[in-house]
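Here's the structure we're looking at; comments come further down.
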Amino acid sequence: MKYWMFMMLAAVFLLAGCTEEDNGSKTAARETVSLGKTALHLEQDLRLLKKKESSLSSFYKDVLYTYEWKNQGQLKIKVRTINNGDRFVMMQLKNISTEPLTLKADVPQPEATDYYFIDWHKETEPREHDPVIGIDATTPPSGLLRYSADGRFLYEAVVSKQYHSKRLTKLYDNGQQSTIRDLTTEMEALKHDESGFSFTLEAPPKQIAEQWFLLAGEPLFKHADHLSNWIDFQHNHFKEVNNWFTVSGALKKLPWSTEPFTKNGYGRHLGTLVEKEAIDRYFKLKDRYFYNLMAQSVANLMEYRHQKNHPIWKTEYTSTWLKQKYEITSPYLDTRHNELIALYLYRIGKEFDEKELMNALPTYSDYLLNLIAIDNIVPTEKGFLPADYYSPHQGKQFIHTSLNHALGEANLLIDAYEATGQKKYLLAAREIRLGIESLGTKWIRPNGDLWYQVNRDLTFDGNDYEQLTLDDLERHEKKWQALGGNKSPVLQKLIESKKKAIR
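In mature numbering (1 follows the signal peptide of the UniProt record, and there is no 0), the protein residues as written are -16 to -1, 1 to 487.
This is how it looks when you write it as structure tokens:
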């Protein structure tokens, strides 16, 4: 079914219509932010402090507006223009007073003669408590709006829920800090009719209110089933998508084992700053919405690294487990997260001939080689295994290597070799492969499953992932054979044992 046909049916089965609004009751907009063919109107007396433009990639251009609100708070609006002309708008109202702050935001559409609203809400079972993260209270955007004038397409908009939170920070003696958000409320704030859409930012005392929306100059989905499948995916695989975009990046539910502690802790999780599913769907389906999420991911990753002034991506919140075991506090390097980021940025950069993004792969690979050079490894009889984490402020105890991290880094180094032709990456990948092989069948637990990690003293620990490590093992063997190498008898035994264990 064609996309426009689906929109027509949505008028019958979902929600459509227009309502009259008493214009005489409106307060005149005091501030206007241009959004191309339309604009964002703010009904409040604000003072613009600064306007900053930036861009770290050809995929986007940012304009950050910072307003003062009569010594009661601060409003930030980031308008991120994607290189296809679409715009993400992230708004943040920070209340420093003891009274609530309320700001009406309105995006009018005076040309429209009709509109449709595709509700993204789904009736689902309550989310079960997760033993690691607890409950993620965030939900997908409110839905998709489409405006037209006598059958002529004007624009589409996706509008988020609104999030209220407190910023929590833990300072350390070494001058570093751990920062997270404590989510207090997610609420539905969107209002819409034929004349446009609006919402009211309502920041409680000493809290932050945030909301975002996307404006698109062309239909976001090519086919109805692409949209329907994405709505389902967001609800069924909520751990893999971002719902909460802010002026500084996407916030995601964090484990309870973070410092400072809160059951409702959210932060910039490096594993989900990469919009993996959306990027994969763009390469497969070519939908505009997935392209925009890909560009949003690129921007958030590049801006994050720029803010930290470092060539790789460091985790900015402390894991109490790592702190207790290895005296590591934030910021620190997680090798698996950086592997994922480098590979996805390289993939995107190669597709669009964006050298700045392609450079993420050799940059991180060189960083990994430097960590190996300073002995941030688990040495084995032959070869070695890179440690899972690194911080220049970590304690003296050496950090473990998990099998999935080791395989991931070996695979990344093979990719770096194929991308650059530099043999130093292939040699390092070979040493990691030898390190895994030298431990032989010791990786296999008595029940046939695999151990999660090996420690510096070559003792084994932890329950392995059900599927992840198996995928890494098979991927590594495939990559090695593609280079002309032979199958490893040891790795084949690990694969066979793992498959039997998870059947």
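Idealized CB from N, CA, C, for every residue including glycine.
Look at I80 here: in three-state DSSP terms it is coil, with no helix or strand label.
Shown here, H219 sits in a helix according to DSSP, grouped into three states. About 6 Å separates the Cβ atoms of Q93 and L138, confirming a contact at the 8 Å cut-off. Put simply, of T230, G419, T242, K88 the residue whose alpha carbon is nearest the alpha carbon of H25 is K88. Fewer than three beta-carbon pairs drawn from the region 173 to 185 and the region 226 to 241 are found closer than 8 Å, and the two stretches are therefore not classed as touching.
Ranked by how close their Cα comes to the Cα of S182, the residues R136, K408, S126, R272 have S126 in first place. Beta-bridge pairing by DSSP links Q161 to L155.
Here the region 305 to 323 lies against the region 363 to 373, with 3 or more beta-carbon pairs under 8 Å apart.
In the structure shown, E140 falls within a strand segment according to DSSP collapsed to helix, strand and coil. Taking the Cα positions, N158 is about 14 Å away from T302.
For the set K78, K407, P84, the Cα lying nearest the Cα of E52 is the one of K78.
Within the same chain, T364, G367, F368, L369 come within 6 Å of G419 by CB-CB distance, once the 5 residues on both sides are set aside.
A buried status is given to H148, since no fewer than 16 other beta-carbon atoms sit within 10 Å of its beta-carbon. By the criterion of a C-beta distance shorter than 7 Å, F222 is surrounded in its chain by D120, once the five residues flanking it on both sides are discounted. In the DSSP annotation of this structure, the continuous segment of the beta strand (DSSP E) that includes G127 starts and ends at 127 to 133.
With respect to the C-alpha of S81, the residue from E415, G180, P110, K190 having the closest C-alpha is K190. About 6 Å separates the CB atoms of V362 and R440; that is less than 8 Å, so the two are in contact. CA-CA distance, K247 to Q161, rounds to 19 Å. Here DSSP, grouped into helix, strand and coil, assigns P363 to strand. The Cβ atoms of G251 and E287 lie no closer than 8 Å to each other.
In the DSSP assignment, K34 falls within the unbroken beta strand (DSSP E) covering 31 to 38. By the Cβ neighbour-count rule, G180 is buried, with 16 or more other Cβ atoms within 10 Å of its own.
DSSP places T404 in the helix class (H, G or I) of the three-state scheme.
By the beta-carbon neighbour count (other beta carbons within 10 angstroms, threshold 16), P295 is exposed. The C-beta separation of T404 from Q437 comes to about 30 Å, leaving the pair out of contact by the 8 Å criterion. Measuring C-alpha to C-alpha distances from I325 to each of D337, T122, A344 identifies A344 as the nearest.
Shown here, Y99 sits in a strand according to DSSP, grouped into three states. In the three-state reduction of the DSSP assignment, T108 falls in the coil class, being assigned neither a helical nor a strand state.
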